[in-house]
Amino acid sequence: MFSQHLEIVQQHTDNALAASGHDGVLIYANHPHNYFLDDMPWPYRPNPHFAWWVPEAANYPRSFLHYQPGRQPVLYLYQPRDYWHSVPTAPQGEWASLFDIRPFADHSELPDFSLLKNHAYIGQPEVSPLDANQTNPEAVLNPLHWGRSYKTGYEVEQILAANKRALKGHQAARDAFYAGKSECETHLDYLRATAHTEAELPYGNIIAQNANGAILHYQQLLREPFPEFARYSFLIDAGACQHGYAADITRTYAWNESPFDDMIQALDTAQQQLVNQAVAGQSYIALHEEAHVHIGDILHDFEVIKVPGQEAAEMGLTQVFFPHGLGHFLGLQVHDVGGKQADPHGTPIPQPEKHPYLRLLRTLEAGHVLTIEPGIYFIPLLLDAARDNALGKHIHWNTVEHFLPYGGIRIEDNVRVGTHEAYNLTRSVA
Ligand code: GLY
Ligand code: MN
Ligand code: MN
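One rule links them: number in the numbering used here = place in the sequence shown (from 1) + 19.
Have a look at this one:
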């Protein structure tokens, strides 16, 4: 399966180099960065372009991949003589046999890459051996980003495996919430169940109880649990990785049967309808707008707002309760590349004025993998602003008061777009 993936990566790269007029590409794995005035590194993330070629990319910092169309890719694998850190062992298995692997212990053993004729370099620019105009050239990056937006069978398998792993964590986190554990304890249970260290997560876990669920990228992890009489809700947005590919999943739970619990169910139903529409030919902008109508209808049904969904969406009322995009491409990066390109050359799709935070503007095609993540939140900052403007009169403020302590709801699944069908990669492995 990986060999087919590698062939497709090579085709995309051949096309990108042909279009930009290059004879080859040098892709740097990247290296760890230290904290300011310190000798300790930040958690390391490899260059995603390197990870597109090399499955265990996180293990090979400071390595280089050299590719010229028609030739076997060469992996210059950094194996330093180092007794301070573990040194990567020689790669084994199917994927390794597809590369010409040349270990090196010191940069002096590498060829002089500055002599490479008519090449592009992709990676951290400060160590580029090539001229600035050959370093991360958009004429190469744009078609590669376009190519990366169509996932190979191997890539879908990795995202599925990442989902499987993340769901183990979600189950443990749900149990922790209903056992009355704190946000921090819940986070630790999640790590244990996924066997991930914190640094290996694709993004920092969002583990939010009660009103914290209204903070979209909440990161605090309270050490103390809320007292039982004041436990209302739990929102968890947490993923996992497989060979560098991410899962990105959100669930929301109510402590008790309550209107909030019913609202979770209503949003879940709407979310699944939206997921089913993620098929080839669907405009993602239109799907985002449809989500606003669903959310408006739910808010109307629960007597949060006084007008039905369509009208609420048109006047901008639903933006108060759903102030982020419906989702994004997913892959080697959680917010994966290519979502705003009209074509391989990188012509931008204009950002709709009404939807400044939408990260995916394309018409969907088979092979795209994306998230569908509608939300309903009670965010004091946005509600206070609405109270003071023309939207305020359309809101039932007493109902808002009721829901404020619950924070918010988000339901997020990972979806592969098919020609006639959407494949829910999250629920299919649940
Ligand atoms: N976890 C980040 C996001 O859902 O986009
Ligand atoms: Mn997401
Ligand atoms: Mn998420």
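Here a beta-carbon is modelled for each residue, glycine too, at the ideal position from N, C-alpha and C.
Closer than 8 Å to some heavy atom of ligand 2: that does not describe the Cβ of E309. Contact annotation: F21 and Y47 have beta-carbon atoms that are not nearer than 9 Å. Taking 9 Å as the cut-off, the beta carbon of T269 is found closer than this to the beta carbon of E431. In summary, K170 is buried, with 16 or more beta-carbon neighbours lying within 10 Å of its beta-carbon over all protein chains present.
Note that the region 148 to 163 touches the region 120 to 136; at least 3 beta-carbon pairs, one per stretch, sit closer than 8 Å. In this chain, the alpha helix (DSSP H) harbouring T213 covers 202 to 213. In this structure, I255 keeps its C-beta atom at 9 Å or more from the C-beta atom of F340. Pairing S252 with K373, the inter-Cα distance amounts to about 30 Å. In summary, A404 is exposed, with fewer than 16 beta-carbon neighbours lying within 10 Å of its beta-carbon over all protein chains present. In this structure, DSSP gives D432 an extended state, which the three-state scheme calls strand. Distance from the CA atom of G358 to the CA atom of V388, rounded to whole angstroms, is 11 Å. Contact between the region 219 to 237 and the region 418 to 437 is established, with three or more Cβ pairs separated by less than 8 Å. Of the heavy atoms belonging to ligand 1, at least one sits nearer than 8 Å to the Cβ of E431. In this structure, G350 places its C-beta atom within 9 Å of the C-beta atom of E174. Taking the CA atoms as reference points, L25 sits about 18 Å from S82.
Beta-bridge analysis with DSSP links G258 to D267. Residue environment analysis places V28 among the buried positions, since at least 16 neighbouring C-beta atoms fall within 10 angstroms of its C-beta.
Judged by DSSP secondary structure, G172 falls within the alpha helix (DSSP H) whose first and last residues are 172 to 197. Taking all protein chains in view, the Cβ of D355 is crowded by 16 or more other Cβ atoms within 10 Å, so the residue is classified as buried.
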